[in-house]
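The working numbering numbers the first residue of the sequence shown as 340 and each following residue consecutively.
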Amino acid sequence: MIFSLLLLFAYPAQPHAQSLENLGFESHLSVAGTLAAEAEGQRTGLLEGAIAQRKNFEARTGVSFGIDNQIQYLGTNSGKKPSDASSNAFRIYGTWRAVGQNTSNDGTLVFKVENRSAIGNRMSTQALGPSLGYAGLFSSTFSDAGWVLTNFYWRQRFASGRGSFVIGQVDVTDYVNVDGLANPWTAFTNLEFQQQSTFPAPSQGLGAALRWRVDNNWVILAGFAHANGDPSDLGRSAKDLFETGETFKHFAIGWTPDWGALFDRLLQLTVWQVDERTAAGVPEGHGISFAASGRSGSWHRTFRVGYANGGGTALDRSISFATAYEARGGKDLAGLGLNWGRAPGSSLNQYTLEAFYRYDLNDFFQITPQVQYVVNPIGDPSSDGIAVFGVRLRAVF
């Protein structure tokens, strides 16, 4: 805990352009947070005119939207086959501020449609790690799920913006247990540097959550979501929720010295519980996660500790540290993360490293070479380590 406080306060924070103070519920990873970051990054450049027209459209209609596409390739030195994987993720997302536009008690419809698929006859990069014995995910979001509706919910602010809630088709990882570097599209892709494998967040499904800003420093968050969410089949997923009642519950308390940079300077403690998933054969589980985010100028730092008891998690204890530096005046991002983890019933200590450099070629295209290395993959005791080399391409409009 003392180390985490030092992460936050060792250096004075400096103001930065993107503030999530008035977004109500959203983090950097959410639709609104993504749109805010893109608007800031594309104020000047090749898309400057198109972005200005989009802002005018938003002012008239309350509708803001974006489109992006990501490609990721991962190759390894593993003797197992397949030893490499590639994936594509295409997304259309946006918000419609339908009620109370330009007020602090606005109501907004949030939507996001995605196509996540493996490329060619390769497996997805999300599936590669477990297939090689890694207890975790080399890539947390690049799956082979096909077309999915990952966001379709109502977000309402009330009490002059101090309170807000969401209800509908939600992704709990957009707002629960997040930090300033928890973005698989622009920062680390390994799960240990986003949510950790001790946090069994369900796939997107029906849910609700309430956030309350206690004062200028303290915030609490509580909610639930369908434990067996399936964003590819909303009807069946909703029916399953009402028939089984199996849910994932979470409660968190957070403290920040700077509300205007909430996810950049935040201490947060999250407790969770998930019901037994009968059809999936997964036992009930509960656990706790602590996350700290710090920022000073161009440097970001995060620290995480997670513990799980049951719930089907790949790890039952995990500690992560990550740091990143904004190069070229904030256009690029270089990151380094280290993790220690242990799986239920295992005495092996698994260590993970990830390093990347995100290079912004222009205001809409990024290329990110990355390296990961795993020592003692828990699912393959015969292997001393796995080296992973990859690249991620992102185009955003």
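Cβ atoms here follow ideal geometry from the backbone N, Cα and C, with glycine treated the same way.
Assignment of PHE703 by DSSP, reduced to helix, strand and coil, places it in the coil class. When the five nearest sequence neighbours on each side are left out, the beta carbons in the same chain lying within less than 6 Å of the beta carbon of THR528 are those of SER478, in order along the chain. Partner residues in the beta bridge of ASN648, as assigned by DSSP, are HIS625. In this model, SER470 and LEU413 are separated by some 13 Å (Cα to Cα).
For ILE458, there is no enclosing beta strand (DSSP E), as DSSP marks it with neither H nor E.
Around the C-beta of SER443, fewer than 16 other C-beta atoms lie within 10 Å, and the residue is accordingly described as exposed. Annotation: the continuous beta strand (DSSP E) that includes LYS588 extends over 586-594. Judged by DSSP secondary structure, ILE390 falls within the alpha helix (DSSP H) whose first and last residues are 387-400. Linking SER686 to GLY718 through their CA atoms gives a straight-line distance of about 12 Å.
Ranked by Cα distance from ALA547, the options PHE660, VAL505, PHE736 and LEU732 are led by VAL505. Approximately 32 Å separates the beta-carbon atoms of HIS367 and GLY472; this is outside 8 Å, ruling out the contact.
Relative to the Cα of LYS670, the nearest Cα in the group GLU377, ARG552 and GLY650 belongs to GLU377. GLY626 sits away from GLN607, with the two beta carbons spaced by 8 Å or more. When Cβ pairs closer than 8 Å are counted between the two stretches, the region 455-463 is seen to touch the region 419-437, the count reaching three or more. Three or more Cβ pairs drawn from the region 657-664 and the region 636-646 lie within less than 8 Å of each other, which places the two stretches in contact. For SER659, the enclosing beta strand (DSSP E) covers residues 656-666.
Excluding five sequence positions before and after LEU385, the CB atoms of its chain that fall closer than 8 Å to its own CB belong to ASN701, ASP702 and PHE703, given in chain order.
By the neighbour-count definition (other C-beta atoms within 10 Å, threshold 16), ASN556 is an exposed residue. Close CB contacts of ALA619 within its chain, under the 7 Å cut and outside five residues either way in sequence, are with ASN567 (chain order). For GLN508, the enclosing beta strand (DSSP E) starts and ends at 502-509. Bounds of the alpha helix (DSSP H) holding SER470 are 464-470. Counting every other CB atom within 10 Å of its CB across the protein chains shown gives VAL735 a total of 16 or more, marking it as buried. The secondary-structure analysis by DSSP pairs ALA734 across a beta bridge with ASN408 and PHE704.
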